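In short: position in the sequence shown from 1, add 378, done, that's my numbering.
Just so it is clear, CB atoms sit at the ideal spot from N, CA and C, and this is done for glycine as well.
Predicted, not measured: the structure shown is a model, and the values here were computed from it.
Take a look at the structure below.
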Amino acid sequence: EFKGDNFIVDPMDYMTNLFMAGEIERLQKETIEMVNDPRYQFFDFEANLNGAGYQLLNSGQTKEAIFVFDFNTKLFPDSPNCWDSLAEAYWKAGDLENAKEYYNKAIQMDPDGATGKNARNMLKEMDSENKH
């Protein structure tokens with residue numbers, strides 16, 4: 379178990395092992411503790427969790443990817459990229475309602491930036507797919 383005195387050298391490996399073991403509550407609790415621990419400032423939790431989410435998504439594990447992306451939005455609610463990624467996973471899962479909601483949230487948070495632009499493009503693509 380994560381305690382303040384035992385430093386985890388590879389947080390991603392540690393989190394992956396908890397995830398694979400199905401220890402989801404422990405994973406969530408301990409990840410939050412690490413994110414808030416200044417000793418882990420070197421580790422980009424947001425980017426690493428996002429990368430893990432895409433690995434799951436690209437290997438067809440959509441439900442698991444949604445879990446990871448959703449968890450990332452809880453850890454980093456002000457990150458438009460987290461919402462954009464969650465939207466993409468919902469789209470791949472066929473849940474267009476949630477996909478649109480989260481793409482729009484990303485656009486709202488980053489109206490002029492790269493993430494907002496990407497989200498607008500994805501919404502256009504989604505609309506054109508649904509017209510066929």
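Taking the Cα positions, residue 465 is about 26 Å away from residue 392. A contact between stretches requires three or more CB pairs, one per stretch, nearer than 8 Å, and the region 437-449 meets this requirement with the region 466-477.
Of the other Cβ atoms in all chains shown, fewer than 16 fall within 10 Å of the Cβ of residue 399; this residue is therefore exposed.
A Cβ-Cβ distance of about 6 Å is found for the pair residue 440 and residue 467, placing them in contact under the 8 Å criterion. Pairing residue 409 with residue 459 gives a Cβ-Cβ distance that is not under 8 Å. Residue 459 sits in a helix when the DSSP states are folded into three classes.
If you ignore the 5 residues before and after residue 451, its C-beta comes within less than 7 Å of the C-beta of 460, 461 and 464, all in its own chain and listed in chain order. By the 16-neighbour rule on beta-carbons within 10 angstroms, residue 457 is buried.
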